[in-house]
Amino acid sequence: MSLLSNAAVLLGKELRTEFRSRELLTTTVVFILVIIVLFSFTFDPTSVESRRFAASLLWLAFLFAASLMLQPCFLREQNNDTLSALRLSVTDPFSIFVAKLVANTLFLLLTELLMLPVFSILFNVPVFPVIGQLVLVLFLGSLGVSIAGTALSAISAQARMRELLLPLLLLPLLAPVLVASTQVTVGLLDTTPFMEWKGIGFLVIFDAVFLTALWLFGEYLLEE
Amino acid sequence: MTPAAVSPVGIRFENIDKRYGGLYALRRVSLEIAAGECVVLAGRNGSGKTTLLRIAARVVRPSSGSITFLDRKNGAITAASQTGFVAHATMVYDELTAEENLLLFARLLGIAEARARAGTLLEEVGLAERRKSLVRTFSRGMRQRMAIARALLNEPSVLLLDEPATGLDPQGVSWLAGTLRQMRDAGRTILMSLHGESEISALATRAIRLEAGSLIADTRTGASLPSILTFAGA
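Chains A and B supply the protein sequences, listed in that same order. Take the first sequence: its letter number 87 is residue 91 in the numbering used here, and every next letter is one higher. Take the second sequence: its letter number 120 is residue 138 in the numbering used here, and every next letter is one higher.
Here's what the structure looks like:
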């Protein structure tokens with residue numbers, strides 16, 4: 005119970021600080037917007053191929069934006085050594101991870117939902133008929149990105165060359181999530197939309213495995 | 019504020035080593051601090067004071083050796099919830115207000131009536147009027163008061179303070195000395211690092227000097243308090 009109550013208190017803090025400054029949300033929204041707009045000029049939005057490429061471009065943009073968003077996740081805790089204060093205050097250190105990965109998932113999901121209409125218009129891809137399934141893929145993909153990214157952010161925050169280390173570790177690790185999410189999204193954006201359940205199953209397994217690993221070993225990632 | 023009486027807790031360090039790569043920050047430090055003692059750690063920069071305090075606070079794990087917190091009544095205990103730690107950094111969030119910071123940590127610590135406790139402490143440290151201000155707008159001295167308020171939230175049995183007077187003006191130092199005196203008199207164990215003699219060092223019942231990670235002098239073994247604090251004979 006104290007794990008969940010501590011996580012809820014910390015999640016409140018994460019949301020309050022972000023919505024007060026809007027640093028992460030603004031940066032990622034602008035970043036994704038720039039990528040989507042740039043790529044929309046290079047593809048013919050009426051062709052069938054555009055639908056196939058559009059899904060991968062969308063996830064690539066989300067992935068790069070996520071690496072931007074995840075970088076300060078633990079780095080911010082180092083400014084005033086607040087991570088030590090958190091570790092001394094919580095009964096279960098996993099609650100720190102739970103709060104951060106839930107916050108990161110929410111921020112990513114919010115950014116993605118804000119960008120979907122823009123993507124739909126610029127690439128001439130109707131997303132609203134499959135919005136329910138699309139939100140499910142976005143959620144599972146974003147959760148996978150957040151779980152792995154939050155863990156790596158904790159590692160990289162204590163390392164030298166920390167700005168370089170996170171994307172270096174994150175991008176190869178998330179390649180399977182990117183592939184699975186893209187495959188499912190391609191199916192959903194097809195002229196006759198279909199759900200690639202194999203991809204959904206893979207995302208669920210990826211999220212479960214990494215969440216379990218974080219629960220088992222997360223405490224060691226927070227040590228100096 | 020009259021601190022509530024607490025069950026006294028002592029600290030025992032046994033053969034503590036701390037290495038960062040090949041560099042020894044602490045080398046075979048063995049030390050027993052009795053419950054209710056007020057101990058000053060002295061030493062030059064890099065002598066290992068901060069590392070020893072961070073190990074005591076359980077923020078840093080020693081490379082070898084062990085640390086035990088001893089309750090006079092119950093024997094060895096896990097003291098994570100019974101320690102208050104004031105570090106070099108303030109350990110509070112710049113993006114939150116003074117009140118939000120204390121409420122956050124009070125709730126994490128499971129303190130009943132968190133809002134009332136936060137309010138009382140803000141009064142105590144003289145920040146009640148700025149309770150709604152973001153900490154990033156505070157001066158260094160005000161941030162240090164916040165750090166001390168956060169450390170006192172759970173009415174700890176053991177107080178660990180790393181140069182607690184940093185950034186405080188003379189009034190602040192007097193206030194801190196008064197607060198620590200009350201803590202000491204209520205039976206709390208205090209371990210703090212200080213530089214030189216001051217109103218705060220006058221509270222010490224014992225002083226210890228570290229040099230290059232080793233314990234080299236202790237008033238318990240005959241060294242005088244002023245000589246340890248001023249490095250006389252070093």
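Virtual Cβ for every residue (Gly too), placed ideally from N, Cα, C.
Measuring straight from C-alpha to C-alpha, what distance separates residue i and residue j?
{"i": "S88(A)", "j": "R76(B)", "result": "9 Å"}
{"i": "A252(B)", "j": "H213(B)", "result": "Residue placement at A252(B) is poorly supported in this model, since its pLDDT is 48, which falls under 50; the coordinates are not used for a value here."}
{"i": "F57(A)", "j": "E116(A)", "result": "17 Å"}
{"i": "V47(B)", "j": "D35(B)", "result": "7 Å"}
{"i": "V181(A)", "j": "I159(A)", "result": "20 Å"}
{"i": "D211(A)", "j": "E223(A)", "result": "19 Å"}
{"i": "T30(A)", "j": "A230(B)", "result": "48 Å"}
{"i": "R163(B)", "j": "L67(A)", "result": "42 Å"}
{"i": "A132(B)", "j": "L120(B)", "result": "8 Å"}
{"i": "L61(A)", "j": "P97(A)", "result": "36 Å"}
{"i": "T21(A)", "j": "L15(A)", "result": "10 Å"}
{"i": "E173(B)", "j": "I51(B)", "result": "19 Å"}
{"i": "V143(B)", "j": "E227(A)", "result": "31 Å"}
{"i": "C77(A)", "j": "I166(B)", "result": "26 Å"}
{"i": "W201(A)", "j": "I209(A)", "result": "12 Å"}
{"i": "L42(A)", "j": "A65(A)", "result": "11 Å"}
{"i": "A12(A)", "j": "T109(A)", "result": "15 Å"}
{"i": "G136(A)", "j": "L198(B)", "result": "60 Å"}
{"i": "H106(B)", "j": "L172(A)", "result": "32 Å"}
{"i": "P176(A)", "j": "L168(A)", "result": "14 Å"}
{"i": "L209(B)", "j": "L59(B)", "result": "7 Å"}
{"i": "G191(A)", "j": "F132(A)", "result": "14 Å"}
{"i": "T248(B)", "j": "L194(B)", "result": "21 Å"}
{"i": "I254(B)", "j": "V149(A)", "result": "One cannot answer for residue 254(B) here, as it falls past the ends of chain B, which runs 19 to 252."}
{"i": "A225(B)", "j": "R149(B)", "result": "36 Å"}
{"i": "Q75(A)", "j": "A179(A)", "result": "18 Å"}
{"i": "L72(A)", "j": "L225(A)", "result": "20 Å"}
{"i": "A235(B)", "j": "L122(B)", "result": "40 Å"}
{"i": "R168(B)", "j": "V27(B)", "result": "20 Å"}
{"i": "R267(B)", "j": "A217(A)", "result": "Nothing can be reported for residue 267(B): it is not among the residues displayed for chain B, which extend from 19 to 252."}
{"i": "I129(B)", "j": "E53(A)", "result": "59 Å"}
{"i": "L140(B)", "j": "A134(B)", "result": "10 Å"}
{"i": "G145(A)", "j": "V78(B)", "result": "35 Å"}
Pull up the DSSP beta-bridge partners for residue i, would you.
{"i": "K36(B)", "result": "L44(B)"}
{"i": "M109(B)", "result": "Answer is none; M109(B) lacks a bridge partner."}
{"i": "L177(B)", "result": "G102(B), I208(B)"}
{"i": "S235(A)", "result": "The question about residue 235(A) has no answer here: the residues shown for chain A are numbered 5 through 228."}
{"i": "I29(B)", "result": "I51(B), F87(B)"}
{"i": "V58(B)", "result": "M210(B), A225(B)"}
{"i": "L14(A)", "result": "DSSP, once it has assigned bridges, lists no residue as partnering L14(A)."}
{"i": "A235(B)", "result": "R227(B)"}
{"i": "T115(B)", "result": "L152(B)"}
{"i": "S82(B)", "result": "D35(B)"}
Within 10 angstroms of the Cβ of residue i, are there 16 or more other Cβ atoms? Answer buried if so, exposed if not.
{"i": "F214(A)", "result": "buried"}
{"i": "Y16(B)", "result": "Residue numbering for chain B in the displayed model covers 19 to 252; residue 16(B) lies beyond these limits and cannot be assessed."}
{"i": "T32(A)", "result": "buried"}
{"i": "G205(A)", "result": "exposed"}
{"i": "E55(B)", "result": "buried"}
{"i": "Q189(B)", "result": "exposed"}
{"i": "R158(B)", "result": "exposed"}
### Task
Entirely within the segment 66-152 of chain A and at least 4 residues each: give me those alpha helix (DSSP H) ranges in chain order.
76-79, 86-93, 98-126
### Query
So does the segment 144-162 of chain B actually touch the segment 114-130 of chain B, counting three or more Cβ pairs closer than 8 Å?
yes
### Query
Where in the segment 142-188 of chain B do unbroken runs of the alpha helix (DSSP H), each at least 4 residues long, occur, reported from the N-terminal end onward?
158-170
### Task
Would you be able to state if there are at least three C-beta pairs under 8 Å between the segment 78-85 of chain B and the segment 241-249 of chain B?
no
### Query
Taking three-plus beta-carbon pairs below 8 Å as touching, is the segment 181-191 of chain A in contact with the segment 117-124 of chain A?
no
### Query
Given 8 Å as the limit, is there contact between the segment 102-114 of chain A and the segment 144-155 of chain A, that is, 3 or more CB pairs closer than that?
yes
### Message
Please give me, in chain order, every unbroken run of the alpha helix (DSSP H) with length at least 4 that falls completely inside the segment 156-194 of chain A.
### Response
166-177, 179-192
### Query
Within the chosen definition, does the segment 61-75 of chain B reach the segment 76-86 of chain A through at least 3 CB pairs nearer than 8 Å?
no
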